[in-house]
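Contents: one structure, followed by commentary.
Numbering (the working numbering), first residue to last: 1454 to 1758.
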């Protein structure tokens, strides 16, 4: 296994600065954020300009990563591939194809994304929609030696009422993903607040996991008793449930020792990539790096044995 990090937590930092810091602080891989270089939601970054990425760019990035003792675990573009606006959806698919091209040039082999959801349709209608529009993307990637890994984040902030807006949030759907040729970027934090045992989910689907994101979650049960599992309704704010929040690995509910041991028992040899979305250790690049240091100290004894 390799301990890595998703670069999206440092959106204002040049990729080489992120790489220099990561290589000097116990990390061995980068999951490189490749959103378009324009304002978006929090936790996005454009560390690869995939829209104009060529062989020379790939050689330059690869040489830079080599200097810092790093590899690329995946190219990251987590967006809504079923967006209700057809123009937005088509632009998302086009950018995803460019991410696939960049991953091929970098020899990464994986691109991380979401299934997403058209929030104007039912779940059943979305499943049929996905079965039409996602296979061509899977085929495009496969023709270039790349596989698409889907993070199991609910993306409830995309739905006006806070319901799941990424149809990969539940293990019930992971077999359906496999039928479409999609793989898992397994993140246990989402499972915990959904009331799903992350170890049981891992055991049942270990053969589909090609990438792992390390994020933790802090649950306030007393607040859940007030709001319910779907979160606050009155004065609702996107991405704030009122009863749980994401944390750095080691500061939440996930048992990383047991989880990484289970991955190892199933033969997993890929990256464990820290996805920093902890509001406590945010607010400045210095705070973010402190959070990444806590994550490294938590995970390294289990990843590098």
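By construction, the Cβ of each residue, glycine as well, lies at the ideal position given by its N, Cα and C atoms. A quick note: this is a predicted structure, and the numbers were derived from the prediction, not measured.
{"Item": "6 Å CB neighbourhood of residue 1685 in its chain, flanking five on each side removed", "Value": "1695"}
{"Item": "Test item: CB-CB of residue 1648 and residue 1682 under 8 Å", "Value": "yes"}
{"Item": "Buried/exposed call for residue 1575, threshold 16 Cβ in 10 Å", "Value": "exposed"}
{"Item": "Residue 1575 - DSSP class collapsed to helix/strand/coil", "Value": "coil"}
{"Item": "Residue from 1690, 1757, 1709 and 1636 with nearest C-alpha to residue 1670", "Value": "1709"}
{"Item": "Check whether residue 1821 and residue 1454 have beta carbons under 8 Å apart", "Value": "No answer is possible for residue 1821: the residues shown for the chain start at 1454 and end at 1758."}
{"Item": "Residue 1629 - containing alpha helix (DSSP H), residue span", "Value": "1627-1632"}
{"Item": "Extent of the continuous alpha helix (DSSP H) run through residue 1680", "Value": "1674-1680"}
{"Item": "Nearest-angstrom Cβ-Cβ length linking residue 1535 and residue 1579, presumed shorter than 8 Å", "Value": "6 Å"}
{"Item": "N-terminal and C-terminal residue of the alpha helix (DSSP H) that residue 1710 is part of", "Value": "1709-1718"}
{"Item": "Extent of the continuous alpha helix (DSSP H) run through residue 1545", "Value": "1539-1559"}
{"Item": "Beta-carbon contacts of residue 1721 that lie in its chain and below 8 Å, excluding the five residues immediately before and after", "Value": "1454, 1659, 1662 and 1665"}
{"Item": "Residue 1532, enclosing alpha helix (DSSP H) - first and last residue", "Value": "Here residue 1532 belongs to no alpha helix (DSSP H), and DSSP marks it neither H nor E."}
{"Item": "Own chain, CB closer than 6 Å to residue 1511, minus 5 neighbours either side, in chain order", "Value": "1558 and 1559"}
{"Item": "Between the CA atoms of residue 1467 and residue 1653 - distance to the nearest angstrom", "Value": "39 Å"}
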